[in-house]
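Peer 1: Protein chains in written order, with our numbering: chain A, 7 to 264; chain B, 10 to 230; chain C, 4 to 83.
Take this structure, written in structure tokens, and hold onto it; I'll ask about it next.
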Amino acid sequence: MALKQTLKELWHKLGSPRWFYQISGPWVTGFGVLAVLLLGVGIIWGLAFAPPDYQQGNSFRIMYVHVPAAMVAQSVYISMGIAGLVLFVWRMKVADIAIAACLPFGIMLTSLALFSGGVWGRPTWGTWWEWDGRTVSTLVLLFLYIGIFALREAILDSQMRARASALVAMVGTINIPIIKYSVEWWNTLHQPASITLTAKPTMPAEMWLPLLVMVLGMYCFAGHNIITRMRLEILRRESGTRWVRDLVLPESTLKGSG
Amino acid sequence: MNITVLFLREWRVLIRNRAAMINPIVFMFLAVMLFAVGSPLQDNTRALYGGAVLWLIVLLTNMLSLDSLFRRDFDNGTLEQMMVTADVPLLAVLVKIIVQWLGTGFLMVLLSPLLCLFLGLPGTAIAKTALLLLAGTPALSLLGAVGAAMTVGFARGGVLLGLLVLPLFLPVLVFGASAVSSEVAGISANAQLYWLAFMSMVALLIGPFATTAGLKISLQL
Amino acid sequence: MQFDSFTDFIAMGGHALYVWLAYGATVLIMIGSTVALLLAKKRQISQLRWSAQAHNDGTHRTNRADMETGADVEYGAEKL
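Structure follows, in structure tokens:
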């Protein structure tokens, strides 16, 4: 009973931009440090210490940036969809701030996934671009992101913009598995997934361990980046309020009027 | 509000506003003609691409038709009235979408023999193509309505509409095009047909709800 | 270490262009994005400082009502 009450209060508090700003500081630092560590270790491991692939040689190392980028890009979109749901059900302003923050990061990472995929494809399969299951899915993801971005640019009223982007994010999220399935059912040149949640990986440990490190590092980078953007947006939106003023001018002890 | 009354009203609007119905169809045939003239393919190779081109043109035609789904009523205030006074706005929206489909997707089903002819698809594929269109176009109308609802307030919402709905249309294109190619090659396309029907059903489940929500947002209700 | 020498490492068995393009883009994005956010934050804070200072100066000169927007609420889910 007490736990339920605490959880309810916590959820209620989460909707306050000010509270979110105050508690998110350590998370930003935490994620940042972890990201640097994991990505640093992962990149060096993947570049220099992991064994080259029997068939692909050293170009296979690109997997260590391509796969994490693609995975995180997709997760971020789904997070946007969840934020959209939160916005619709609980009407939290913070949820809209979350969507706004996820967008540029998601677009960046999806583009990176597409670029690194193309760069990987050239020496491996002879072509910079091939229309197969995974490339189309990722390209569609990019368009889903850009769609919400364009929608936000087109709507001027902030409340309308928030609800519209939340709705589109939700509909897009529902469609992601459908699109994924239909596109993978369609002809594919891509190799089958070498890591699934339940099946044993088909790669040896020396190959997928650095991948795991990179994936975790990429998630931490996402956390750091997105939360930083959220904090920035909160400062911008709440710029007229007392708590922001007190935050930026801590030495000011003078109170309001008179 | 009586469903029959709603339906009759939408139907009358559709019939009396012939341009909104005929323009997309004319566009469709123009596009088919451009493809036929522009492609330096012989008839037999054209059949290979016919499926993809058919569904691509179907998608684009639907996009064109969706743009005017809510716009007219939005501009003259009828849409707001309908959303506010209807007992079940969801039903009113669904009726609108159904009538739009009758004027677009269903019309395409009826015209499929002509489409197959112009695209160089063999006569044996006509029946299956009509069936595929019948199964797949409802999904396009239902999902496209969501995009139409979101962009109805914008003056130049057309391109944004395309950007929003085309990713949602992708599965229909994938299965539809592959189905026609299979038919032409003589392989059974039943799996794709079932998938298209499945997608239309999923669209029926989420489309109207999302469209109603979108309209409420656009109308600022 | 999978490579015999540093030159081998850079050469990546002939795939140098591709590997370094991909990794370079990744690192560029990561560092670039972080730096851009840092700069944006600095800019934002200095702008806020300026306007906060102006606000404080203003309220000390006159008695006009504070133009805050619900800032005295301690915590509360800010609703749309």
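Don't be surprised by glycine CBs; every beta carbon is placed ideally from N, CA and C.
Hey, out of A:Arg97, A:Tyr187, A:Cys226, whose CA is closest to A:Thr35's CA?
Peer 2: Closest by alpha carbon: A:Cys226.
Peer 1: In angstroms, rounded to a whole number, what distance separates the CA positions of A:Ile180 and C:Arg52?
Peer 2: Each residue's alpha carbon lies about 43 Å from the other.
Peer 1: Check whether the Cβ atoms of A:Ser122 and A:Ile68 lie closer than 8 Å to each other.
Peer 2: Going by C-beta atoms, A:Ser122 is nearer than 8 Å to A:Ile68.
Peer 1: Would you mind reading off the limits of the alpha helix (DSSP H) that contains A:Trp51?
Peer 2: Neither: A:Trp51 is in no alpha helix (DSSP H) and is coded neither H nor E.
Peer 1: Going by Cα to Cα distance, which pick from B:Met30, B:Gly195, B:Ala28, B:Met208 is closest to B:Phe135?
Peer 2: Before going on, a small fix: residue 135 of chain B reads as Ile here, not Phe. Per the Cα distances, B:Gly195.
Peer 1: Against chain B, does A:Val174 count as a neighbour if the rule is that its beta carbon must be under 8 Å from one of theirs?
Peer 2: Interface residue, yes.
Peer 1: So, A:Tyr27 versus A:Arg237, is the Cβ gap smaller than 8 Å?
Peer 2: Their beta carbons are under 8 Å apart, which means A:Tyr27 touches A:Arg237 by this criterion.
Peer 1: Counting only C-beta atoms, is A:Lys14 closer than 8 Å to chain B at any point?
Peer 2: A:Lys14 does not count as touching chain B.
Peer 1: Is it right to say A:Ala211 is buried, meaning 16 or more other beta carbons lie within 10 angstroms of its own, or is it exposed?
Peer 2: By the neighbour-count rule (16 or more Cβ atoms within 10 Å), A:Ala211 is not buried but exposed.
Peer 1: Short of 8 Å Cβ to Cβ, which residues in the region 8 to 22 of chain C face chain A?
Peer 2: Under the 8 Å Cβ criterion, the region 8 to 22 of chain C contributes Phe12, Met15, Gly16, Gly17, His18, Tyr21, Val22.
Peer 1: Name the two residues that bound the continuous alpha helix (DSSP H) containing A:Trp191.
Peer 2: Segment 164 to 191, the alpha helix (DSSP H) holding A:Trp191.
Peer 1: Can you give the beta carbon distance from A:Leu115 to A:Ala79, rounded, assuming they're within the 8 Å contact cut?
Peer 2: At roughly 4 Å, the Cβ-Cβ gap stays under 8 Å, so A:Leu115 and A:Ala79 are in contact.
Peer 1: Beta-carbon within less than 6 Å of A:Leu45's beta-carbon, same chain only, minus the 5 sequence neighbours each way: which residues are those?
Peer 2: The answer, listed in chain order, is Gly223.
Peer 1: Roughly how many angstroms separate the alpha carbons of B:Phe38 and A:Ser171, rounded to a whole number?
Peer 2: Roughly 35 Å between the two C-alpha positions.
Peer 1: Once DSSP output is grouped into helix, strand and coil, what is the label at B:Leu213?
Peer 2: Helix at B:Leu213.
Peer 1: Can you find the residues in the same chain that come closer than 6 Å, C-beta to C-beta, to A:Gly178, ignoring five residues on each side of it along the sequence?
Peer 2: These residues qualify, in order along the chain: Leu150.
Peer 1: Could you tell me whether the Cβ of A:Trp126 comes closer than 8 Å to any Cβ of chain C?
Peer 2: Yes, its Cβ sits closer than 8 Å to a Cβ of chain C.
Peer 1: Closest Cβ-Cβ distance between B:Pro180 and chain A: below 8 Å?
Peer 2: It does; some Cβ of chain A falls within 8 Å.
Peer 1: Is the Cβ-Cβ distance between A:Ser117 and C:Tyr21 less than 8 Å?
Peer 2: No.
Peer 1: Contact criterion: CB-CB distance below 8 Å. Does A:Ser30 meet it with respect to chain B?
Peer 2: So, not an interface residue.
Peer 1: List, in chain order, every chain C residue whose beta-carbon is nearer than 7 Å to that of A:Asn181.
Peer 2: Ordered by position in chain C, no residue passes the 7 Å Cβ test against A:Asn181, which lies about 25 Å from the chain.
Peer 1: Helix, strand or coil for A:Asp138 per DSSP?
Peer 2: The answer is coil: DSSP assigns A:Asp138 none of H, G, I, E or B.
Peer 1: Distance cutoff 8 Å, beta carbons only. Does C:Leu40 sit that close to anything in chain A?
Peer 2: Closer than 8 Å: yes.
Peer 1: Just to confirm my understanding: we take B:Pro33, look at its own chain, exclude 5 residues before and 5 after, and list those with CB closer than 7 Å. What are they?
Peer 2: Within the same chain, B:Pro33 has close Cβ partners Thr70, Leu73, Ser74, Thr113.
Peer 1: At 8 Å on the CB atoms, spell out the chain A contacts of B:Val183, in chain order.
Peer 2: In chain order: Ser188, Val189, Trp191, Trp192.
Peer 1: For a test of the three-state rule: what should DSSP assign to A:Gly63, helix, strand or coil?
Peer 2: If DSSP states are grouped into helix, strand and coil, A:Gly63 belongs with the strands.
Peer 1: Look at B:Glu19 and B:Lys105 and say whether their C-beta atoms are less than 8 Å apart.
Peer 2: Yes.
Peer 1: Determine the direct distance from the alpha carbon of A:Val250 to that of A:Leu241, and round the result to whole angstroms.
Peer 2: C-alpha separation (whole angstroms): 7 Å.
Peer 1: Quick check: the region 132 to 139 of chain A against the region 166 to 185 of chain B, are at least 3 beta-carbon pairs closer than 8 Å?
Peer 2: No, because fewer than three Cβ pairs between the region 166 to 185 of chain B and the region 132 to 139 of chain A fall closer than 8 Å, the two stretches do not touch.
Peer 1: In chain order, what residues of the same chain have a beta carbon less than 8 Å from the beta carbon of A:Ile154, not counting five sequence neighbours either side?
Peer 2: Result list for A:Ile154: Met86, Ile105, Leu109, Ser171, Val174, Ala175, Gly178, in chain order.
Peer 1: Closer than 8 Å, CB to CB, is C:Ala43 near chain A or not?
Peer 2: At least one chain A Cβ lies under 8 Å of C:Ala43.
Peer 1: Taking C-beta pairs closer than 7 Å, name the residues in chain F that A:Arg169 reaches, listed in chain order.
Peer 2: Here the protein chains are A, B and C, and chain F is not one of them.
Peer 1: Inspect the beta-carbon positions of B:Val174 and B:Leu130 and report whether they are closer than 8 Å.
Peer 2: Not a contact, by the Cβ cut-off of 8 Å.
Peer 1: So, helix, strand or coil for A:Met209, using DSSP?
Peer 2: Looking at A:Met209 - three-state DSSP - the assignment turns out to be coil, as it is neither helix nor strand.
Peer 1: With 8 Å as the threshold, decide whether the Cβ of B:Leu63 is near any Cβ in chain A.
Peer 2: Answer no: the Cβ-Cβ gap between B:Leu63 and chain A never drops below 8 Å.
Peer 1: List the endpoints of the continuous alpha helix (DSSP H) containing A:Leu253.
Peer 2: Start and end: 248 to 254.
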